[in-house]
Amino acid sequence: MATVELRGIKKIFGTVAAVNGVDLLTSDGEFLVLLGPSGCGKSTLLRMIAGFEKPTGGQILIGGGLMNDLPPRARKIAMVFQSYALYPHMTVFKNIAFPLKAQGVTKAQVPQKVEWAASLFGIGHLLARKPRELSGGERQRVALARALVREPSVFLLDEPLSNLDAQLRASARDELQQFQRRIGTTTIYVTHDQVEAMGLGDRIAVMKAGQVRQIGTPQEIYDEPADTFVAGFVGSPPMNLVRHREYILGFRPEDFHPRNAINSAVKTAPFKFNVSRVEYLGADRLIYGTLVGDYSDQKVIARLPVTVTEKIDAGTRYDFTVPEQELRFFDKTTELRTSPQPV
């Protein structure tokens, strides 16, 4: 195991700053997720840690040692790619064993190490097959076993679940997290899927335009977003953000309820809400519409659990409220978090 530290890391492609001054420090054994939209620089950052891209500026340290000029094989890292990058002409056994040759592992030791890695992922019965004979989930497990067999200090995972269907992704997330907890290897995981990030990470680093906008636990990122980008990117549906003359106001859809559904002892901020559409999701309802008054015609969403039984119809205006403690305020110019304001 090892820590990973980035000091002012930059990567310039021509006139474009793909990564622009990132500082980051993992804990030993931490599962850190790099979260952001496509093109934000998260995969480029991961490839620099791995040694596949050379930084334009800054320092990369793994286990306290400077890595900038070392090739990937000298960094004691293992990387799993989105495509899994399995060799189609090799069996599962040979795919998993391939990295061991570069490490100088003796021929007699190879079967033992391969079978150990395969057993951790429950693919011991697949060792004689080739990648084309495997499901997407099985190929993903082979790629992880091939990475693990090297016994790396750091795991780097670049959207390894994106090729799986939604149901398989959910079970694969659980397996991956349990596996990482068992082995305790420092892991950096890249994704654009905020559900994956919230479910997997000990901490999340949210990226936009080559910079880290906020680092924190999933709860910190969700409850206390540092700016409107983080607020609007994390959450499904994301935080409602409405502009006032003095500030931008944010509140989560699950905190936006009919007035009668809130305990009268709770101090709340009132809103007039014109409902345009109701979406039923079984355990929840999503209520779409626009506000009236100071936030006139701005779109918002309410998420109501089945315990809120009040009938809500499209084309009708309702009195809704948000508990004041759940309101978040952002500067209208910088869009950074600011102190609470009168609503």
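Start counting the sequence shown at 8; every next residue gets the next number (our numbering).
The C-beta atom is built at its ideal place from N, Cα and C for all residues, glycine as well.
Cβ contact annotation for Gly-257 (same chain, cutoff 6 angstroms, sequence separation greater than five): Ala-238, Met-246, Leu-248, Arg-335, in chain order.
The C-alpha of Gly-217 is placed about 7 angstroms away from the C-alpha of Lys-49. Each residue's CA atom was taken as its position, placing Lys-17 and Leu-107 some 32 angstroms apart. The way I'd put it, the stretch 268–277 doesn't touch the stretch 339–348; fewer than three beta-carbon pairs between them come closer than 8 angstroms. Contact between the stretch 205–222 and the stretch 22–33 is established, with three or more Cβ pairs separated by less than 8 angstroms. For Ser-169, the closest alpha carbon among the candidates Arg-146, Met-74, Phe-186 is that of Arg-146. Annotation: the stretch 238–304 contains the following complete segments of the beta strand (DSSP E) (minimum length 3 residues), in chain order: 247–250, 255–258, 275–287, 291–299. Scanning its chain for C-beta atoms nearer than 6 angstroms, with the 5 sequence neighbours on each side dropped, one finds around Asp-326 the residues Arg-266, in chain order.
Note that the C-beta distance between Ala-85 and Arg-157 is below 8 angstroms. When Cβ pairs closer than 8 angstroms are counted between the two stretches, the stretch 91–101 is seen to touch the stretch 131–147, the count reaching three or more. Separation of Leu-13 and Met-205 (C-alpha to C-alpha, rounded to the nearest whole angstrom) is 23 angstroms. Considering only Glu-203, Ala-150, Gly-143, the residue with the shortest C-alpha distance to Asp-172 is Gly-143. Straight across, the Cα-Cα distance linking Ser-126 with Val-213 is about 34 angstroms. In terms of Cβ geometry, Ala-276 and Thr-235 do not form a close pair [threshold 8 angstroms]. In terms of Cβ geometry, Gly-191 and Val-40 do not form a close pair [threshold 8 angstroms].
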